[in-house]
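Presented below is the structure to which this report refers.
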Amino acid sequence: MLSEAMTALATAGGTAVVQAAGTDAWTGVRQQVARWFGRGNPQREHAELERLEQTAGELEAARPTEVERVRIRQESAWQGRIEALLESLEDGERARIADELRTLLVQQTSHSSVSAGQSGLAVGGPVDVRADHGSAAAVTMGNVTLGNPSQPGPHQD
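For what it's worth, numbering that gives the first Met the number 0 labels the leading residue of the sequence shown as 0, then goes sequentially.
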C-alpha cells in the first residue's frame, strides 16, 4: 500500500501525461515518461512509448462529447500504472524513483506552454490579449463573466 504522498504523486503523474498529450510539449514529455518507466531497459521504454502514443491517439480520436470521459479514463490508467511501479519497488528505490518523477513533473509545469484544440486554447502562464491598429481580439470563457467589480461598501474598506 502506498503512502498518501506517493498516491498523490501518482495522481499528478497521470494527470500530467494526459494534459501533455496533443500539446507542443508532448514529444519531450512522452520521452521522459517512457525513460522513467523504462528505468534503463530499452524494451520497457519502447513499450511505454507505444502506450503513450495509444493514449494520445485515443484523446485525439475522441468525439467532443466523449473527451472528458476519455481524459478521466486515461488519467486513471496512468495513475494506476505509476502506482503499480512504485508499489513494486523497495523503499529506498521507491524514494529515488519518486524523486525522479517529481523532477520530471516540475520540469513539465515550469515552462509556459500554449496548446490549441478543437474547442479552444490552453495557456500555461500569463495571457495578454490586445486589439491594436485595426486588429480584433475575442475571448470566450464558457460561463465566466468578466466585468468591473462592485465598489466596496464602508464596511469593506
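Beta carbons are placed, not taken as given, at the ideal position from N, Cα and C, and that holds for glycine.
None of the values given here were measured: they were computed from a predicted structure.
Cβ-heavy atom distance, residue i to the ligand SAM, below 7 Å
i, result
"Arg38", "What this structure holds is no ligand at all, so the ligand SAM is not there to describe."
C-beta contact flag for residue i and residue j at 8 Å
i, j, result
"Gly21", "Glu59", "yes"
"Glu82", "Trp35", "no"
"Gln78", "Gly12", "yes"
"Val69", "Ala61", "yes"
"Ile96", "Leu88", "yes"
"Ala24", "Gln107", "yes"
Residue i versus the options, residue with shortest Cα-Cα distance
i, options, result
"Ala4", "Val105, Leu85, Thr108 and Glu89", "Leu85"
"Ala9", "Asp23, Gln42 and Val32", "Val32"
"Arg189", "Met0, Gly91, Leu1 and Arg80", "The requested residue 189 is not part of the displayed model; the chain covers only 0 to 156."
8 Å contact criterion, which residue i and residue j should meet: CB distance rounded
i, j, result
"Glu47", "Gly37", "6 Å"
Proximity test, Cβ basis, 8 Å: residue i and chain C
i, result
"Gln73", "Among the chains in the structure shown there is no chain C, since it carries only a single protein chain."
(message) With a threshold of 8 Å, are at least 3 pairs of Cβ atoms found where one atom belongs to the segment 4-20 and the other to the segment 52-61?
(response) yes
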